[in-house]
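Counting from 1, position 284 in the sequence shown corresponds to residue 676 in this note's numbering; the numbering is continuous, with no gaps.
Just below is one structure, and these are the notes that go with it.
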Amino acid sequence: MAAATCDLEEPPPGRPCRTGHRPKTGDAAVLGSDVTLPLPLIPAVPLFAAMGALSTVLVNRNVSVFHDGLRPIMPSLRSGEMTRKQVSKVSFSLALAFIWAFGLPYSLGFVIPLVYLVYIATDWIGVSLPADLGRRWWQGRTNLAGVGGSVALGAAWGAGLALVLHYVAVGMDNLPVPLAEGTSLFTQPVVQAFFLFPVLTVAYHYGMRAGFWAFGLSTLAWFGSSGAGLELPSMWAFGAGLLVMLVLLVRESRTAGAGAAQVPTSWMEDDRSDAASPSWAVEEEDDEDTVFRENVRRIKGNLPLIVVLAALNGAAYNWGFLAMDPYSAHLYAIGLAVPAAAVMLMWAFAFIPMKFTTAVVTGTMATGTFLEPVVALLLPSPWTAAIGVGVLRVVEVFALLAVIGWIERWPSIREVADVMRTAIFQTMEIGFLVGGALAAAAWAGEWGVAAVVAAWFLNIRAKSPVMPMSLGAIAALGVGVVVNVMALVGLTL
């Protein structure tokens with residue numbers, strides 16, 4: 393996708409358009425939609441309200457959950473081993489950390505907000521409200537109260553969130569030292585460094601020599617494509633690094649076949665023979681197979697509502713109202729839909745083994761997978777994105793057992809996915825710390841940089857440290873508050 397330009401005013405390089413200005417994408421306009429910043433009230437408010445209401449209902453009925461740490465305990469709630477009060481307490485502790493330490497810092501100002509702000513909160517609301525899971529949602533006062541409360545509170549949270557994000561961004565832009573535009577600097581330094589995701593994965597998993605080869609080929613691809621006048625050299629570098637990772641992964645998978653015998657063969661094929669297996673092994677495999685199949689049937693039984701929520705997600709991603717991570721949010725905001733989708737593809741590779749496994753084991757689907765933005769960002773309108781993501785969700789649900797079977801048959805896929813999560817997080821930690829320093833420098837000069845460095849030093853020695861990937865943004869926002877307070881009393885740098 394060509395770099396974005398604005399109708400009225402050209403933004404600084406690598407920065408999204410300011411309020412009221414819509415990006416144009418030239419010949420590549422078929423990919424994605426124009427992004428308006430800050431978040432427009434219409435249609436964002438009703439869309440967020442619908443997403444909040446439906447997601448809360450699905451959590452309340454134990455159908456789908458967003459947070460990967462909450463999903464594993466949902467069967468305990470369903471069986472009565474844990475009370476709603478206990479699960480609510482766990483959910484609140486997870487929600488509080490994610491919202492203030494990750495979701496909020498990267499959602500303020502002229503940026504695309506993160507989806508965590510919506511769904512982490514609706515997880516907590518949904519598990520906190522009453523429900524009798526042994527009966528249909530319309531049967532009994534408990535279920536009617538739970539579903540009704542879920543709709544009301546979920547919609548209120550979604551609509552209120554859209555309003556708050558919009559007016560906070562407008563307010564930040566009208567401060568004595570405006571902050572709204574500078575928040576895009578949090579992610580700018582490494583926004584084109586997503587090619588490091590496969591490169592660092594290779595280095596972590598296959599060793600430094602392989603990592604140097606991957607980095608060297610990616611660098612050669614970057615310089616070569618740039619010298620040849622090709623667009624998006626970062627994508628060529630990403631492709632080179634990804635190719636190296638895939639070659640090594642295929643080679644490893646071919647030589648490590650030990651996991652194949654552990655997979656229930658019925659997941660992979662219809663005809664199976666138990667003659668060569670001991671009776672106890674066959675019974676254990678059959679029991680596990682039966683439980684997993686029953687869990688998947690439970691998910692399929694709620695497929696219509698799951699698909700509707702996925703369609704709403706697709707529209708929100710395509711419109712640029714929400715994003716799954718700060719990287720893709722920045723790229724999509726400046727008109728780079730293909731790189732944004734590539735980033736989300738790596739997130740999908742890193743997280744789908746975990747999300748699909750927990751769905752099959754618990755019978756509770758993930759509220760969203762990282763494949764949703766991959767599809768949504770590459771479609772031409774919110775309507776096509778809604779349809780495309782809805783179809784994707786149907787495919788995902790029906791492929792749950794098959795995907796888990798393939799992952800268990802080749803365990804190296806899961807191992808590399810785990811390593812890629814580490815690579816992504818560490819790239820974010822370092823890059824976003826630099827971005828926080830740049831934003832602080834834009835607002836407070838050298839003192840701002842010093843404040844961010846001091847915050848990093850103090851954080852690593854704190855008893856309850858801030859999430860490392862959020863430290864730069866939080867410290868920079870603190871700098872912004874300080875310089876505006878000083879400006880109000882007549883002190884400037």
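Beta carbons are placed, not taken as given, at the ideal position from N, Cα and C, and that holds for glycine.
Given the structure is predicted, the values throughout are model-derived calculations rather than measurements.
A straight line joining the alpha-carbon of residue 715 with that of residue 707 spans about 11 angstroms. Cβ contact annotation for residue 723 (same chain, cutoff 7 angstroms, sequence separation greater than five): 583, 731, 732 and 735, in chain order. No Cβ-Cβ contact shorter than 8 angstroms links residue 489 with residue 513. Unbroken beta strand (DSSP E) stretches of 3 residues or longer found wholly inside the segment 479 to 565: none.
Counting C-beta atoms within 10 angstroms of its own C-beta, residue 739 has 16 or more neighbours from the protein chains shown and is therefore classed as buried. Cβ contact annotation for residue 605 (same chain, cutoff 7 angstroms, sequence separation greater than five): 636, in chain order. Cβ-Cβ separation between residue 437 and residue 542: approximately 19 angstroms, too far for a contact (criterion under 8 angstroms).
Sequence-distant partners of residue 760 (beyond 5 residues in either direction) whose C-beta falls short of 6 angstroms from its own C-beta, in its chain, are 705. Here the alpha carbons of residue 538 and residue 710 stand approximately 31 angstroms from one another.
Only buried fits residue 815, as 16 or more other CB atoms lie within 10 angstroms of its CB. Taken in chain order, the unbroken stretches of alpha helix (DSSP H) that lie wholly in the segment 597 to 654 and span 4 residues or more are 600 to 619 and 625 to 647. Taking every protein chain shown into account, the CB of residue 535 has 16 or more other CB atoms within 10 angstroms, so this residue is buried.
A check of alpha carbon separations from residue 504 across 718, 860 and 884 identifies 718 as the nearest. Exposure of residue 485 is indicated by the presence of fewer than 16 other C-beta atoms within 10 angstroms of its C-beta. The shortest CA-to-CA distance from residue 493 to any of 862, 884 and 885 is the one to 862. Between residue 603 and residue 569, the alpha-carbon positions lie close to 43 angstroms from each other. DSSP, reduced to helix, strand and coil, places residue 456 within a strand of the structure shown. Judged by DSSP in its simplified three-state form, residue 757 adopts strand.
Here the alpha carbon of residue 470 sits roughly 12 angstroms from the alpha carbon of residue 527.
Apart from the 5 residues on each side of it in sequence, residue 870 sits with its Cβ closer than 8 angstroms to the Cβ of 843 and 847 in its chain, given in chain order. Residue 610 and residue 625 have their C-alpha atoms some 10 angstroms from each other. For the set 432, 447, 721 and 426, the Cα lying nearest the Cα of residue 758 is the one of 447. Contact between the segment 473 to 480 and the segment 769 to 782 is not established, with fewer than three Cβ pairs separated by less than 8 angstroms.
Distances from the alpha-carbon of residue 442 to those of 545, 522, 454 and 501 put 545 closest.
Distance check between residue 683 and each of 751, 482 and 457 places 751 closest, using alpha-carbon atoms only. For residue 788, the uninterrupted alpha helix (DSSP H) run begins and ends at 774 to 790, by DSSP.
Bounds of the alpha helix (DSSP H) holding residue 862 are 860 to 880.
Leaving aside the five residues that flank residue 688 on each side, the residues in its chain whose CB is nearer than 7 angstroms to its CB run, in chain order, 752, 792 and 793. With a cutoff of 8 angstroms on beta-carbon distance, residue 879 and residue 832 are scored as not near each other.
Taken atom to atom, the span from the alpha-carbon of residue 594 to that of residue 645 is near 14 angstroms. Residue pairing from DSSP places residue 715 in a beta bridge opposite 506. The segment 821 to 838 makes no contact with the segment 739 to 748; the number of CB pairs closer than 8 angstroms stays below 3. With a threshold of 16 other beta carbon atoms within 10 Å, residue 533 falls short and is exposed.
CA-to-CA, the gap between residue 587 and residue 529 works out to about 47 angstroms. A distance below 8 angstroms between beta-carbons, with the five flanking residues on each side excluded, links residue 496 to the following residues of its chain, in chain order: 509. With contacts defined as CB atoms closer than 8 angstroms, residue 572 and residue 501 qualify as a contacting pair.
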